[in-house]
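Novice: Read in order, the letters of the sequence shown are residues 27 to 365 in the numbering used here.
We treat Cβ as the ideally placed atom computed from N, Cα and C, and that holds for glycine.
Here it is, the structure in full.
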Amino acid sequence: MKQQLEAIRKMAEEAIQNAKDQSEIEALRVKYLGKKGELTAILKQMGSLSPEERPAMGQLVNLAKQAVENLIAEKQAKLKAMAQQEKLQKETIDITLPAKVKKTGKLHPLNTVLDDMINIFTSMGFDVVDGPEVETDHYNFECLNVPADHPARDMQDTFYLAENLLLRTQTSAAQIRTMENRKPPIRVICPGRVFRADEVDATHSPVFHQIEGLVVDKGITMCDLKGVLEEFAREIYGKDTAVKFRPSFFPFTEPSVEVDVTCSECGGKGCRVCKGSGWIEILGAGMVHPNVLRSCGIDPEEYSGFAFGIGLDRLTTTRYKISDIRLLFENDKRFLDQF
Ligand code: DAH
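Here's what the structure looks like:
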């Protein structure tokens, strides 16, 4: 029995040594240590031994079992380590590979210029307000001193949504909404999209952007308007920029002006961009018409104000020397990636 035990142990040892994976090990465990396993079978034969022989033999069988158990545990640990090693080897990272370039988004040039404008005006004490893109005839024309039969309505080809509902043709509508909601002193700008049924070409788009400005307080004069707009033009275009005020007409201001700045392309010599004049028109402005103040419940005897409307698209195309306004709206990545 002793020899038999020794033989089983040897065979088990060899088999375990040669096992290649966990499932083979498990099969060997069952073969030798399981309920019907070979070592268990030997234990069962113990009944045939004399009572004196039994304890010594029992001990031997237990020792053999213990030895096989240890071998199995050792082999399992080894196999596990090998599998881990193999996995690590497969996962090695090649740190010499070039990194993947992550593309980050950036601001559209219109938004860059708008952010600059907002910074300039907020540093002068202006608040930024918002207004709706769908407006009523009342806010877009009527309260701005443009009655139904006024020829100024022909100056703007309007997208009407219903008889009294339209896409705003100017951010000036925000002036009225502001004066209805705030008491003077008022100092606001309102940037936003405006819409006109214009033919599309290099300088016209049915959607474009304006920044409306409005200041109302006691004792506001044309000097304040000039000071604010000159400061703004120099901040945007540089210290040496000359600013020219030309008399003009808008129904909601009196007197009205249009403001030109030195052409940034040619520095005032005259070129294709400024059509040879050396000047570029950037905005319309004026002193708020007494009728407009009155329509918002502000007494023109007590208060006065100025207003202006700046074309954001023109400012952007001149700053970045963009030759066609349509590029601003096409969202061609090749174009936008340049900014
Ligand atoms: N709303 C005018 C336009 O679209 C621009 C403008 C001119 C706005 C004079 C003003 C202003 O506030 O005072 O052409």
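(1) Would you check if the distance between the CB atom of Val287 and the CB atom of Trp305 is smaller than 9 Å?
(2) Which whole-angstrom value describes the C-beta separation of Ile262 and Gly331, a residue pair presumed to lie in contact below a C-beta threshold of 8 Å?
(3) Expressed to the nearest angstrom, what Euclidean distance is found between the alpha-carbon atoms of Phe291 and Thr138?
(4) Closer than 8 Å by C-beta to Met27: which residues in its own chain qualify, once you throw out the five before and the five after it? Chain order, please.
(5) Do Arg222 and Thr184 have their beta-carbon atoms positioned less than 9 Å apart in this structure?
(6) I need the straight-line Cα distance from Asn317 to Ile202, nearest angstrom please.
(7) Could you compute how far the alpha carbon of Lys132 sits from the alpha carbon of Phe365?
(8) Can we count Thr197 as close to the ligand DAH, meaning its CB is less than 8 Å from some heavy atom?
(9) Rounded to a whole number of angstroms, what is the C-alpha to C-alpha distance between Ala99 and Ala53?
(10) Counting C-beta neighbours from all protein chains within 10 Å, is the total for Pro230 16 or more, i.e. buried, or is it exposed?
(11) On the criterion of 16 or more Cβ atoms from any shown chain inside 10 Å, does Glu216 qualify as buried, or is it exposed?
(12) Helix or strand or just coil, what does DSSP make of Thr288?
(13) Pull up the distance between the alpha-carbon of Leu354 and that of Cys322, whole angstroms please.
(14) Under 8 Å: does the beta carbon of Thr279 sit that close to some heavy atom of the ligand DAH?
(15) Is there at least one non-hydrogen atom of the ligand DAH closer than 8 Å to the beta-carbon of Gly312?
(16) Can you name the residues that DSSP bridges to Ile308?
(17) Please report the distance separating the alpha-carbon of Glu64 from that of Lys36.
(18) So Ala41 is in the alpha helix (DSSP H); what residue range does that whole segment cover?
(19) Confirm, please, whether the CB-CB distance from Lys57 to Ala33 is below 9 Å.
(20) Assuming Ala200 and Gly157 are in contact, meaning their beta carbons sit under 8 Å apart, how far apart are those beta carbons, in whole angstroms?
(21) How many angstroms separate the CA atom of Lys62 from the CA atom of Lys126?
(22) Please determine if the stretch 184-199 and the stretch 342-358 are in contact, where contact requires at least 3 C-beta pairs separated by less than 8 Å.
(23) So what does DSSP say about Lys126, is it helix, strand or coil?
(24) So Met313 and Glu280 are supposed to be a Cβ contact under 8 Å. How far apart are they, rounded?
(25) Just to confirm my understanding: we take Ile348, look at its own chain, exclude 5 residues before and 5 after, and list those with CB closer than 8 Å. What are they?
(26) What alpha helix (DSSP H) runs, 4 residues minimum, are completely inside the stretch 149-222?
(27) With distances taken from CA atoms, which of Gly253, Leu170, Gln102, Pro77 is nearest Leu319?
(28) By Cβ distance below 7 Å, which residues in the same chain neighbour Val155 in space, the five residues on each side in sequence not counted?
(29) Since His230 sits in a beta bridge, which residues does DSSP pair it with?
(30) Give the secondary structure of Arg360 by DSSP, where H, G and I count as helix, E and B as strand, and everything else as coil.
(31) Going straight from the alpha carbon of Gly218 to that of Glu159, what length do you get?
(32) In chain order, which continuous runs of the alpha helix (DSSP H) of length 4 or greater are located wholly inside the stretch 48-129?
Specialist: This is what the structure holds:
(1) Going by C-beta atoms, Val287 is nearer than 9 Å to Trp305.
(2) That pair is no contact at about 23 Å.
(3) Note that residue 291 corresponds to Glu in the displayed sequence, not to Phe. The alpha-carbon separation between Glu291 and Thr138 amounts to approximately 19 Å.
(4) These residues qualify, in order along the chain: Ile68, Gln71, Leu75, Met83.
(5) Against a cut-off of 9 Å, the Cβ pair of Arg222 and Thr184 comes out as a contact.
(6) Taking the straight line joining both Cα atoms gives about 12 Å.
(7) Roughly 8 Å between the two C-alpha positions.
(8) It does: the Cβ of Thr197 is within 8 Å (strictly closer) of some heavy atom of the ligand DAH.
(9) If I take the Cα positions, the gap works out to 14 Å.
(10) Per the sequence shown, the amino acid found at residue 230 is His instead of Pro. It is exposed - the Cβ of His230 has fewer than 16 other Cβ atoms within 10 Å.
(11) The identity of residue 216 in the sequence shown is Cys, whereas the question assumes Glu. It is buried - the Cβ of Cys216 has at least 16 other Cβ atoms within 10 Å.
(12) Note: Thr288 maps to strand in three-state DSSP.
(13) Spanning the two alpha carbons is a distance of roughly 36 Å.
(14) It does: the Cβ of Thr279 is within 8 Å (strictly closer) of some heavy atom of the ligand DAH.
(15) The closest heavy atom of the ligand DAH lies less than 8 Å from the beta carbon of Gly312.
(16) Answer is none; Ile308 lacks a bridge partner.
(17) Looking at the backbone, the Cα of Glu64 and that of Lys36 are separated by about 12 Å.
(18) Ala41 -> alpha helix (DSSP H) spans 28-44.
(19) Contact: no.
(20) That pair is a contact at about 4 Å.
(21) If you take the alpha carbons of Lys62 and Lys126, they lie about 59 Å apart.
(22) Output reads no: the stretch 342-358 does not touch the stretch 184-199.
(23) Looking at Lys126 - three-state DSSP - the assignment turns out to be coil, as it is neither helix nor strand.
(24) Contact check for Met313 and Glu280: beta-carbon distance about 6 Å, within the 8 Å limit, so the pair qualifies.
(25) Residues of the same chain with a CB within less than 8 Å of the CB of Ile348, apart from the 5 flanking positions on each side, are Pro135, Thr342, Leu354 in chain order.
(26) Listed in chain order, they are 163-166, 199-207.
(27) It is Leu170 whose Cα lies nearest to the Cα of Leu319.
(28) Close CB contacts of Val155 within its chain, under the 7 Å cut and outside five residues either way in sequence, are with Ala200, Thr204, Val214, Cys216 (chain order).
(29) Answer is Asp227.
(30) Arg360 falls in the helix class under three-state DSSP.
(31) Glu159 has its alpha-carbon roughly 8 Å from the corresponding atom of Gly218.
(32) Entirely contained in the stretch 48-129, the alpha helix (DSSP H) runs reaching 4 residues are, in chain order, 48-59, 64-71, 79-116.
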